[in-house]
Structures are given as C-alpha cells and as structure tokens.
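**Student:**
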Amino acid sequence: MLRVDLGRPLDPRTAVAGAVEIRGLHGGDVSGRIERLTLDPSGRAITVRLSAPLPDADVYTFRITDVLRTTSGEPLPGDAATTVAALAGDVDASGAVTAVDILAVRAHAGKPVDAATRVYDVNDSGDVTGADMLAARTRLGRRLPQ
Numbered sequence: 008m009l010r011v012d013l014g015r016p017l018d019p020r021t022a023v024a025g026a027v028e029i030r031g032l033h034g035g036d037v038s039g040r041i042e043r044l045t046l047d048p049s050g051r052a053i054t055v056r057l058s059a060p061l062p063d064a065d066v067y068t069f070r071i072t073d074v075l076r077t078t079s080g081e082p083l084p085g086d087a088a089t090t091v092a093a094l095a096g097d098v099d100a101s102g103a104v105t106a107v108d109i110l111a112v113r114a115h116a117g118k119p120v121d122a123a124t125r126v127y128d129v130n131d132s133g134d135v136t137g138a139d140m141l142a143a144r145t146r147l148g149r150r151l152p153q
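Here is the structure:
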C-alpha cells in the first residue's frame with residue numbers, strides 16, 4: 008500500500024484504473040497489480056492498494072497520470088511521481104543485502120514487531136526470529152538494479 012498526498016482536492020470519479028501507473032526498472036509495467044485506488048476523506052490524498060507484493064529486487068516508479076483530475080477538472084500540475092525500491096533482506100536500505108543486514112536482524116530477534124521493527128521481519132511472519140536471519144542470509148549479495 009502506498010499513500011500519496013497531492014495537496015489538491017481530487018475528483019473521486021477519476022480515481023480509476025489508469026490513474027496510477029507502476030513501472031519497474033527491470034520488470035516493466037506492473038500496473039495490473041493495482042487492486043484499488045481510494046481517496047482519503049479530504050480528497051487530497053490517494054491510497055494505492057496492491058493485489059500482491061511487488062516483485063523483489065527492483066526499483067519502481069509510481070506515477071499519477073492525467074486520468075486523475077482535480078475537482079475543477081484539471082490534471083495535476085508538475086511531476087506527480089515517486090520511486091520506491093523492493094529488496095527483501097536489505098533492512099538498512101543500502102541497496103544490497105550484506106552481513107550488516109543479517110546482524111541487524113539478529114539484534115532484533117525476539118522483539119515485538121511494530122512500525123519501527125517491521126523491516127526486520129524479513130519473512131513477514133509477524134515475529135522476528137532465526138527464520139528471518141536465514142531469509143536474509145539466503146539473499147546475501149543481492150542488489151537493487153542501477
């Protein structure tokens with residue numbers, strides 16, 4: 008799920024398929040994974056919900072298209088895009104899975120999973136355990152594309 012605050016009131020009738028595109032640097036167009044677009048109550052932010060996680064080890068650009076309009080019928084001005092990376096096991100967001108990541112997972116083993124520690128739950132089980140260390144270790148050496 009990704010939430011983007013666009014700062015202008017949006018027309019809810021235009022929060023439809025094609026209003027947001029997702030492209031991976033290597034994987035290409037994965038916009039078909041968009042399950043739902045919803046506006047927050049103020050109408051100034053859009054939430055993109057995916058049907059499945061984005062494929063691992065890629066960099067994705069989420070772009071708002073001209074399909075999404077303001078309440079006055081105008082397209083959003085400027086560059087309405089953001090980039091995110093997906094690399095399981097890269098808990099320090101360095102762009103590569105290294106021994107530092109494995110040690111960081113180990114340091115958080117047994118701690119409750121919350122917003123601050125969720126990144127260490129590599130296998131997404133709801134707990135940080137030895138299985139997460141193993142999951143990071145099996146990805147050792149993987150890097151994001153450049």
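Counting in my numbering, the sequence shown runs from 8 upward without gaps. For each residue, glycine too, the CB sits at the ideal point set by N, CA and C.
Between which two residues does the beta strand (DSSP E) holding Asp65 run?
**Tutor:** Unbroken beta strand (DSSP E) run through Asp65: 65–71.
**Student:** Quick one: grab the DSSP three-state call for Gly80.
**Tutor:** Three-state result, Gly80: coil.
**Student:** To the nearest whole angstrom, what separates the beta carbons of Thr68 and Arg30, a pair I think is in contact under 8 Å?
**Tutor:** Their Cβ separation, rounded to whole angstroms, is 5 Å, which keeps Thr68 and Arg30 in contact under 8 Å.
**Student:** Just curious, the beta strand (DSSP E) that Arg149 is in, first and last residue?
**Tutor:** Unbroken run through Arg149: none, as it is neither H nor E.
**Student:** Apart from the five residues on each side of it in sequence, which residues of its chain come closer than 7 Å, Cβ to Cβ, to Leu32?
**Tutor:** Counting only Cβ-Cβ distances below 7 Å, and skipping sequence neighbours, we find Asp65, Val66, Pro152.
**Student:** Can you grab the Cα-Cα spacing for the pair Gly34 / Val120, in whole Å?
**Tutor:** If you take the alpha carbons of Gly34 and Val120, they lie about 30 Å apart.
**Student:** Quick one: grab the DSSP three-state call for Thr90.
**Tutor:** Three-state result, Thr90: strand.
**Student:** Just to confirm the assignment, what range does the beta strand (DSSP E) spanning Val11 have?
**Tutor:** Where Val11 is concerned, the enclosing beta strand (DSSP E) stretches over 9–12.
**Student:** How many angstroms separate the CA atom of Val74 from the CA atom of Ala26?
**Tutor:** Each residue's Cα considered, the two are about 5 Å apart.
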